[in-house]
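Some notes on the structure that comes next.
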Amino acid sequence: MIKVIISLLIIIGLLFLVLWHSKKTKYICLKCEKTFEISFFTDLIGPHWFTFFGGYKYLKCPNCKQKIKAKEIKN
Ligand SMILES: [Zn+2]
7 MIKVIISLLI IIGLLFLVLW HSKKTKYICL KCEKTFEISF FTDLIGPHWF
57 TFFGGYKYLK CPNCKQKIKA KEIKN
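As structure tokens, then:
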């Protein structure tokens with residue numbers, strides 16, 4: 007039983023982390039150079055990776071409507 011509770015706490019903690027991350031972060035489209043924000047759900051499911059120069063996410067740009075590699079910028 008205690009393992010289930012610990013697992014649930016870890017999952018809730020991760021959800022809060024993603025929520026905080028989606029509120030804190032904006033993305034810039036590398037094609038049209040527009041900045042945009044993403045929803046909590048998009049942040050949760052979207053593929054994301056980090057490089058030495060910053061984080062990137064594979065997103066659909068709301069401006070040019072293309073699947074792009076968006077660079078993460080601090081809000
Ligand atoms: Zn774009």
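With my numbering applied, the sequence shown has no gaps in its numbers, which climb one by one up to 81 at the end.
C-beta atoms are modelled at their ideal positions from N, C-alpha and C, and glycine is treated no differently.
Going by the beta-carbon positions, is the gap between residue i and residue j smaller than 7 Å?
| i | j | result |
| --- | --- | --- |
| residue 34 | residue 79 | yes |
| residue 42 | residue 68 | yes |
| residue 52 | residue 65 | yes |
| residue 81 | residue 30 | yes |
| residue 77 | residue 62 | yes |
With a threshold of 7 Å on Cβ separation, who are the neighbours of residue i within its own chain once the five nearest residues in sequence on each side are excluded?
| i | result |
| --- | --- |
| residue 14 | none |
| residue 60 | 77 and 78 |
Using three-state DSSP, classify residue i as helix, strand or coil.
| i | result |
| --- | --- |
| residue 14 | helix |
| residue 42 | strand |
| residue 60 | strand |
| residue 9 | helix |
For residue i, collect the residues of the same chain with a Cβ closer than 8 Å to its Cβ; drop the 5 residues on either side in sequence, then sort them by chain order.
| i | result |
| --- | --- |
| residue 16 | none |
Return the chain-ordered list of same chain residues with a C-beta closer than 6 Å to the C-beta of residue i, the five sequence neighbours on each side being excluded.
| i | result |
| --- | --- |
| residue 54 | 63 |
Under 6 Å, CB to any heavy atom of ligand 1. Which residues pass, going along the chain?
Those residues, listed in chain order, are 35, 37, 38, 40, 67, 69, 70 and 74.
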